[in-house]
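Take 1 as the starting number for the sequence shown in full-length UniProt numbering and just add one per residue. Here's the structure we're looking at; comments come further down.
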Amino acid sequence: MDRFNTQEMAAALPSSEQPKSRMDAEAAAVAREKGWVEPEKYDYAKYNAPPVKPVGEGPPTEGRPSESDLAWASDARKYEWKEEYGDVGPEDKDLEQMLFRSDFINRAGVKFENIKKIKVTAESTERPAPIVNFDDAGLHPVMLSNVRLCGYKVPTPIQAYSIPAVLKGHDLIAVAQTGSGKTAAFFIPVLSKLMGKAKKLAAPRPRITGPDFDSGAHGVVAEPLVVVIVPTRELAYQIFDEARRLCYRSMLRPCVVYGGGPVGSQINELRKGCDILIGTPGRLIDFIGKGNVLSMKRVKYTIIDEADELLQADWEQEFAQILSGADANEDADHCYMMFSATFNKECRQLARKYLASDHVRIRIGRAGSTHINIQQQIVYVNVELKKKCLYDLLLSMPPARTLIFVNTKAEADLVDDFLYNKGLPSTSIHSDRTQREREDAIRAFRTAEAPILVATAVSARGLDVKNVMHVINYDLPSADHGGIDEYVHRIGRTARIGNEGFATSLYTDNNSDIAPGMVKLLMEANQMIPDFLGEFKPEGDLEFHSDDTDAEGEDEMGDTNPENNGASHSASAEPAQSGQGWGGEDWGNDLNFSSSDIPNSCVSSSAIYRRVAVTMASLLGLALLLRASTVWGMMPNRMEKGDFIVDTFDSSPFNDLGFWHGAGESLAVEYSYDDESNFVELSPSDPDDNYHTMLSDSCFDLSDFEDMYLHVSFSGSSKFSISLYQSNGDCNPDRAPSPGNSDSVEASRYTVGEDIYVPLSHFYIDPTLASSIAFHGFYTHETVYLRSVEIVEEIPDDFEIPPKLPTGTLVLNCKRPDSFAFGIDDGDPQLAQEVMDILEDEGIKVTFFVVGQGLVDESTNLTRVYAEMLRRGHQVALHSYSHPKMEGLWTVNDIDAEIMDGYYAVEDLLGVQSRYFRPPYGTVGARMRQRLAALIGDPYIVNWSVDIEDWLWANSDHPEKQPEAFRRDVNRGGDIVVMHYLTSSTVQYFREVIQVARDTGKQIMRVDQCMMDPDAPPLPEEDETWDMQAQDILRVGY
């Protein structure tokens, strides 16, 4: 049938306006005058097409460098060995150009004389003699050639000591400042030792260079000789790039695995053979658990990079599985190495467990110090003027690659949008970004398409990008964000391997906890101390508390600086080439900043830093905010910063803020009091039981309180979740979804005695839209007694805040404008054909959430049903294995089994690897979310904002209530559905509710499409115009 012709109708209708950009045209013009390139709109369309070639393969895209073509970092081209090669493979000039001569490779700078002055301490029963140059180090000829191709001329101090220690077979601990050449320090000796033994030690591998290679039929189990464990994905593929260079022309084949990337593609690479494996803990454990993918029995070297960060992230259990679980090689020839910028108690405990007693320990400078190549500037700013200060700061200095750190994911998005709308070329990276978005952001930053990168700290850990000239701490790291150690890691992103850099930190009255440590660092590096920090100067000699040693046999063995032996540690590469792309000019390394560059919105003198800095611009901004609030929704409640009580639980239906508190319908509660205080007694019987205390009947703005703590005084069981809920963007409880979102923590992790302290920053929600605090997710029937809930500025000195565990992304509504998604859960196989026929007739695609147990049971025929769903273009996602209320399961192991058994059932029987998960019954809590994030990586936890209520009405006397419930939620603005096809009474209304959705004018699609997932299939071609409009909206909308 010919397509219906709508051209005449379209011509008769008035043309629709394109979405209006929120970019400030005047500010954008100023940015161009200052030399900043024009920002690029976020191009969602390119994510809908699969990458056509690995990074660096083939000719560059016209007008853009090949490195910026969309591709997975794990697919980057590497040297592929052939059996007919001799001991040394032939040159590959094209690959050599890409690996060693790219304009974007960071090279050593002209300030290596400063690095050579750093004190070096080597400790061991047998102190290694440092090498003076690479030629005399005893390296394999291929390695020596690769070192020269890398441009490494003279070893850095960490390399001078690490290389001989590893070549002699010692286990190694290396503590060095960031940017000191640690990656080459472990790869050069390890790979050099293996190059002469690769044919003997390496596992058999298939012939992969022929046209007929099929990883499924011809692939092998990966049996690496070297495993490098790193905390972040970005660091993983950065180290992978160094491995590709140093393995060039050798038999050794490097691979990288990390969460968020394509599992199938990474497995295919492993099945081609893998000798050097770099990975993040979660993905390594996942592949180790697949017996036919990865074996650790041949591992000779285990290297732990950024060990302090890994151990802060609660990876101890995972470490045990990787290092000594399954078929790990525990022979005496297994060498362990740990590299870190600090070496705390947790690192020492891990070292004692795995490293040999005669290990070598090397310290370059003082652990946790910075070096003098970084010029540090601390400026005072009033909180309400931080964004203006940041903007003025960027315009007051020459354009350069600039890395801006914030403490929360929400703040990263807000700052990125602010800068973009001011016409500055920014992008952002944090853990809520999909992996493809993260990799593209790094590429854009590396190639200067977006020379301003806004990042959370962990996302940028270990990031090594050429010519990062300026690091800005928009948020200084408070104690629960890593404190002074995190400050050191952040500013270490500039001034790497002998280059110079500048670090600016915006200081507010909320940052006094980090001030003493920061002042001592400034004094140690001979930096200027601003007047307003003068009160924090220590009296007497400068002393540092060192957490890199203890009394258990870790005494220093003295200064063995190679300078005393006549060694020279002056440089390891040619001077850096200057960066281009800021505005057609070449700024190079000539940035020289002084306090005169600090704009008026940022204050650096004590004489004026306390003044009320209110400008006409900020007053105008406040007026616009008030107007926007009246137009778009209810005005959020605000309160001046300071301690305040939320609830003391008297028997009134209202809390101390004057808003409702109370329990869900099934939770038994009793209000009472004793000699101490009022309290409410909660007697849970179900994990869905919940008790809420409201912060507002619309929205409560917590943005000024993000560095404060939620304090709960309680007794009884701590086996429950605490959640902070936010309203929808309209702050309107009558609009769906309401609540708009939430994030959860596990109460027991933050409990000491009868007190719970949770940093508000551990709740990843929009703090301007906070609505309530909830106690739910009970996994015991034990009684809980709540006495008070309050927000406080300080916590007891002996209270240690645990690290925030990832909890995935909770989804209640679509991200794509004007979209609508059906999420269909369990069904009757006998009704499946009718459902498929309806979907086919209506021409829509939906998402099916599948219970694994039903797939495994052959009698249900569900495997064939969902295989047909996939064939027809529908999405199949996860719905647990046996459909329990997972938050109510007693142990974490039970939760893990539900997740992974369901995951593997869908993977093995349908070939689908999904990170979309619908919790059975919609029951959500901290433990389930944490385990999903740990096991699957970046999960979307999909609940709903439209409920057809078939569970209530389908088998009742009033099945017609189903479309009524559906229409009610759609009219409130809901756009993600929950429904089942368990009964014919629900299926008979399916066409009707599809029409209700269509009547909204929204486009019906799969859940992954409505979430704008770059891995989702593209929308139909006839919707290209709609897609282009959506892209324009999404880059400027929030």
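For every residue, glycine included, the Cβ atom is placed at its ideal position computed from N, Cα and C.
In the DSSP assignment, T302 falls within the unbroken beta strand (DSSP E) covering 301-305. Per DSSP, E411 lies in no beta strand (DSSP E); the unbroken alpha helix (DSSP H) holding it starts and ends at 409-421.
In this structure I229 touches I304 by the C-beta definition: roughly 5 Å separates them, less than 8 Å. By the CB criterion at 8 Å, I976 and R931 fall outside the cutoff. Using a 10 angstroms sphere on the CB of P1018, the tally of other CB atoms stays under 16, which defines it as exposed. Beta-bridge partners assigned by DSSP to A821: I976, M1005. Secondary structure at W890: coil, using DSSP grouped into helix, strand and coil. P128 is classed as buried because its beta carbon has at least 16 other beta carbons within 10 Å across all chains shown. Every beta strand (DSSP E) stretch that sits fully inside the segment 690-771 and reaches 3 residues is listed by chain position as 690-694, 709-716, 721-726, 741-746, 755-759. Between F187 and G151, the alpha-carbon positions lie close to 15 Å from each other.
With respect to the C-alpha of A934, the residue from G282, L394, G89, H874 having the closest C-alpha is G282. Residue environment: V752 is assigned as exposed (fewer than 16 neighbouring CB atoms within 10 Å of its CB, all protein chains considered). Q962 is classed as buried because its beta carbon has at least 16 other beta carbons within 10 Å across all chains shown. D743 is a Cβ neighbour of L724, given a cutoff of 8 Å. Taking 8 Å as the cut-off, the Cβ atoms of L403 and R348 do not count as close. By the criterion of at least three beta-carbon pairs nearer than 8 Å, the segment 828-838 is in contact with the segment 982-996.
Annotation for G854: D826, T860, L862 place their beta carbon closer than 8 Å to its own, counting only its chain and skipping 5 residues before and after. As computed with DSSP, G279 is found in a beta bridge with I229, V257. Residue range 515-524 is occupied by the alpha helix (DSSP H) that includes M523.
Around the beta carbon of T986, 16 or more other beta carbons sit within 10 angstroms, so the residue counts as buried.
In this structure, V892 lies near R927, with their beta-carbon atoms less than 8 Å apart. Inter-segment contact for the segment 76-86 and the segment 245-255 is present: three or more beta-carbon pairs are separated by less than 8 Å.
According to DSSP, G662 shares a beta bridge with H692.
For S295, there is no enclosing beta strand (DSSP E), as DSSP gives it neither H nor E.
Around the Cβ of K409, a 10 Å sphere holds 16 or more other Cβ atoms; the residue is buried. Judged by DSSP in its simplified three-state form, L201 adopts helix. Every beta strand (DSSP E) stretch that sits fully inside the segment 338-385 and reaches 3 residues is listed by chain position as 360-364, 374-380. N473 is bridged by DSSP to F405, S505.
Around the C-beta of D908, fewer than 16 other C-beta atoms lie within 10 Å, and the residue is accordingly described as exposed.
In the DSSP assignment, L810 forms a beta bridge with I941. The beta-bridge partner set that DSSP reports for I452 consists of T402, S426. Between S431 and the set A867, V30, K804, the nearest pair of CA atoms involves K804.
Excluding five sequence positions before and after H762, the CB atoms of its chain that fall closer than 7 Å to its own CB belong to V745, K804, given in chain order. Boundaries of the beta strand (DSSP E) around T847: 847-850.
In this structure, the beta-carbon distance from I364 to I158 falls below 8 Å.
The alpha carbon of E449 has as its nearest neighbour, out of F502, P425, V519, I529, the alpha carbon of P425.
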